[in-house]
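Student:
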Amino acid sequence: MVQTADWDPHPEPLALDTAPLPEYGSGSLADLLPTLAAGMDVPGMTAAIPELTAADRACVFLIDGLGWEQLAAHPAEAPFLTSLLGSSRGGTGRPITSGYPATTATSLASVGTGLPPGAHGLPGYTVRNPATGELMNQLRWQPWTAPAVWQPYPTVFQLAHEAGVHAAQVSSPTFENTPLTKVALSGGTFHGRLTGEERMDLAAEQLAAADRALVYTYYAELDGAGHRYGVASDTWRGQLMYVDRLAQRLAEQLPPRSALYVTADHGMVDVPFDEEHRIDFDEDWELRAGVALLGGEGRARHVYALPGAEDDVLTCWREVLGERFWVASRDEAIAAGWFGPPGACDERVYARLGDVVAAAHDDVLIIASEREPKESAMVGNHGSMTPAEQLIPLLEVRS
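Residue numbering for the sequence shown follows our numbering, beginning at 728 and increasing consecutively.
(1) Taking DSSP as the reference, what is the three-state secondary structure of Asp1009?
(2) In terms of residue numbering, what span does the alpha helix (DSSP H) encompassing Tyr1077 cover?
(3) Which residues mark the beginning and the end of the alpha helix (DSSP H) in which Leu793 is found?
(4) Using the Cβ count rule (16 or more neighbours within 10 Å means buried), how would you classify Gly1035?
(5) My understanding is that Gly794 touches Glu1116, with C-beta atoms under 8 Å, so please give their C-beta distance in whole angstroms.
(6) Give the straight-line distance between the Cα atoms of Ala890 and Arg1051, rounded to the nearest whole angstrom.
(7) How far does the alpha helix (DSSP H) with Leu1048 in it reach, from first residue to last?
(8) Tell me whether the beta-carbon of Ala782 lies closer than 8 Å to the beta-carbon of Thr762.
(9) Between which residues of its own chain and Asp1027 is the CB-CB distance below 6 Å, once the five residues before and five after are set aside?
(10) Excluding the 5 residues flanking Pro900 on each side, which residues of the same chain have their C-beta closer than 6 Å to its C-beta?
(11) Any idea if Trp871 is buried or exposed, counting beta-carbon neighbours within 10 angstroms, 16 or more meaning buried?
(12) Just the Cα atoms here: how many angstroms apart are His1004 and Leu1122?
(13) Do Ala974 and Trp963 count as a contact pair if the criterion is CB distance below 8 Å?
(14) Using a threshold of 8 Å, state whether the C-beta atoms of Arg984 and Arg816 are closer than that.
(15) Using only alpha-carbon positions, find the residue among Pro822, Asp1073, Thr830 that is nearest to Ala799.
(16) Buried or exposed: Asp733, going by 16 or more other Cβ atoms within 10 Å of its Cβ?
(17) Near Ser753, which residues of its chain fall below 8 Å by C-beta distance, leaving aside the five closest residues on each side in sequence?
(18) Decide yes or no for the touch test of the stretch 926-938 against the stretch 863-880: beta carbon pairs closer than 8 Å, at least 3 of them.
(19) Kindly indicate which residue of Asp768, Ala805, Ala887, Gly1017 has the alpha-carbon position closest to the one of Tyr943.
(20) Would you report the Cα separation of Ala1019 and His954, rounded to the nearest angstrom?
(21) Are there 16 or more other CB atoms within 10 angstroms of the CB of Phe1008, so buried, or fewer, so exposed?
(22) Spatial neighbours of Leu1118 within its chain, please: C-beta separation below 7 Å, excluding the five flanking residues on both sides.
(23) Asn864 bridges to which residues according to DSSP?
(24) By Cβ distance below 7 Å, which residues in the same chain neighbour Leu912 in space, the five residues on each side in sequence not counted?
(25) Going by C-alpha distance, which of Glu1102, Val892, Leu921 is nearest Phe902?
(26) In its own chain, which residues sit with a C-beta less than 6 Å from the C-beta of Gly914, not counting the 5 before and 5 after it?
(27) Using the Cβ count rule (16 or more neighbours within 10 Å means buried), how would you classify Asp791?
(28) Which same chain residues, not among the five before or five after Pro747, have their C-beta less than 8 Å away from its C-beta?
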């Protein structure tokens, strides 16, 4: 017989102060470029990551989806990157953090602007546009919104270029004119190259092009393999082997007085395909009650309530999900530091955040099988504040 005396249908929700916050201001992605630019005497920049030493020439190689835990678990596939683990974060052998949510659009904006999500204003995969009431996909920039209005701050590349530093981005040609590139990574010159080898070679050339240089290069396919097939799948491991060779190729070509930093935008977790781990919003009447829009992504949800239903939605989501998700009101999430340190959230960004914000604690997703069929079918996922998603390498090679 099943014992029911101690069974609680609504366990105590996770305390918000147990969420492992990003290290905004001292060890997050948003702190990387300002630290490097400060070492090149760019006005207004602060060396926020104290473990890093200044270099005249700095290159950031961002590998989409390469979390610290995933790299550490696969030394055979990435011998070169593994050999650099002790160099991470200025030789401390420690990772930095992505930022919340740990997702590409948010992280790239944090990298390029040097600002936390509550300031730059790309605080999720999809968020509500307060001007239209519609969900906006900030990765694909749909529906179209004026980029400079959505994200008005200059990028670190722009400020470095104005200060006489040679600034360059080397990436796939498809990214050259995207709105996300314009708001997050513009400034200096953009160089489109199709293959990874071409990007590494050109990044090294751009580093050598001036006495002071700030160069950024990017590789996306590891993330795609994780989403489609899962972390540690044969395809994912093959991609890891490839990016390991790319990083070594770039490191071997560094000009004098250079520092190469290999990092990522987030890690990733695989989520089983069953009802326990994939909670379908489109099939759950409790979670849908009072909700006007469901934003974010499976492990980092922005929930927009119907007018007057905000408190009821928060209560319901906490009761249904509270032991598996950190569930906060908008004001609670801001005060807790999810989107940046105190005072970092711009007024223009406030209403983009969900009335309720839910961040996964367990290996669980809130999918939406009808509204988001492609996203709901992904094996690998990310977005929350767990170490597997938040912790990212900052591997260093100097010449």
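Glycine included, C-beta positions come from ideal geometry on N, C-alpha and C.
Quantities reported herein were computed from a predicted structural model and do not represent experimental measurements.
Tutor: Reading off the structure:
(1) Position 282 of the sequence shown, counted from the start, is the residue given in the question as residue 1009. In this structure, Asp1009 counts as helix in the three-state DSSP scheme.
(2) Locating residue 1077 in the sequence shown gives position 350, counting from the first residue. Its alpha helix (DSSP H) spans residues 1074-1077.
(3) Residue numbering aside, residue 793 sits at position 66 when the sequence shown is read from its first letter. No alpha helix (DSSP H) holds Leu793; DSSP gives it neither H nor E.
(4) Within the sequence shown, numbered from 1, the residue matching residue 1035 stands at position 308. Gly1035 should be labelled exposed.
(5) Position 67 of the sequence shown, counting from 1, holds the residue named residue 794. Position 389 of the sequence shown, counting from 1, holds the residue named residue 1116. The Cβ separation is near 7 Å, so the contact holds.
(6) As a working note, residue 890 is residue 163 in the sequence shown. As a working note, residue 1051 is residue 324 in the sequence shown. If I take the Cα positions, the gap works out to 48 Å.
(7) In the sequence shown, counting from the first residue as 1, residue 1048 sits at position 321. Note, Leu1048: alpha helix (DSSP H), 1037-1048.
(8) For the purposes of this step, residue 782 is taken as residue 55 along the sequence shown, with counting starting at 1. For the purposes of this step, residue 762 is taken as residue 35 along the sequence shown, with counting starting at 1. It is not a contact, given that the beta carbons lie outside the stated cut-off.
(9) Residue 1027 sits at position 300 when you count from the first residue of the sequence shown. In the sequence on display, residue 1027 carries Ala and not Asp. The residues are Pro828, Ala1086, Gly1110, Ser1111.
(10) Taking the sequence shown and counting its residues from 1, one reaches residue 900 at position 173. Hits under 6 Å: Gly919.
(11) Your numbering for residue 871 matches position 144 in the sequence shown. It is exposed - the Cβ of Trp871 has fewer than 16 other Cβ atoms within 10 Å.
(12) If you number the sequence shown from 1, residue 1004 lands on position 277. If you number the sequence shown from 1, residue 1122 lands on position 395. His1004 and Leu1122: Cα-Cα distance of roughly 33 Å.
(13) The residue labelled residue 963 in the question sits at position 236 within the sequence shown. The residue labelled residue 974 in the question sits at position 247 within the sequence shown. Cβ atoms of Trp963 and Ala974: not closer than 8 Å.
(14) In the sequence shown, residue 984 corresponds to position 257, counting from 1. In the sequence shown, residue 816 corresponds to position 89, counting from 1. Not in contact: Arg984 and Arg816 (Cβ atoms no closer than 8 Å).
(15) By one-based count along the sequence shown, residue 799 stands at place 72. Of the listed residues, the one whose Cα sits closest to Ala799 is Pro822.
(16) Start at 1 with the first residue of the sequence shown, and residue 733 comes out as number 6. With a pLDDT of 48 at Asp733, under the threshold of 50, the modelled position of this residue cannot be trusted; read the value that follows with caution. Its Cβ having fewer than 16 others within 10 Å, Asp733 is exposed.
(17) For the purposes of this step, residue 753 is identified with residue 26 of the sequence shown, where counting begins at 1. Contacts found: Ala775, Ile776, Pro777.
(18) no
(19) Start at 1 with the first residue of the sequence shown, and residue 943 comes out as number 216. Nearest option by C-alpha distance: Ala887.
(20) As a first step, residue 1019 must be located in the sequence shown, where it is residue number 292. As a first step, residue 954 must be located in the sequence shown, where it is residue number 227. Approximately 28 Å between the Cα atoms of the pair.
(21) The sequence position of residue 1008 within the sequence shown is 281, counting from 1. Flag for Phe1008 reads buried.
(22) Within the sequence shown, the letter at position 391 stands for residue 1118. Same-chain partners within the cutoff: Gly794, Trp795, Glu796, Pro822, Thr824, Gly994.
(23) Position 137 of the sequence shown, counting from 1, holds the residue named residue 864. Thr853, Gln869, per the DSSP bridge assignment.
(24) Here residue 912 refers to the residue found at position 185 when the sequence shown is read from its first residue. Around Leu912: Leu835, Gly839, Thr882, Phe884, Gln896, Tyr943.
(25) As a first step, residue 902 is located in the sequence shown; it is residue number 175 there, counting from the start. That would be Leu921, whose Cα lies nearest to the Cα of Phe902.
(26) Counting from one through the sequence shown, the residue named residue 914 turns up at place 187. Answer for Gly914: Thr882, Phe884, Gln885, His888, Ala894, listed in chain order.
(27) In the sequence shown, the residue the question calls residue 791 occupies position 64. That one is buried.
(28) As a first step, residue 747 must be located in the sequence shown, where it is residue number 20. Around Pro747: Met1112, Thr1113, Pro1114, Gln1117.
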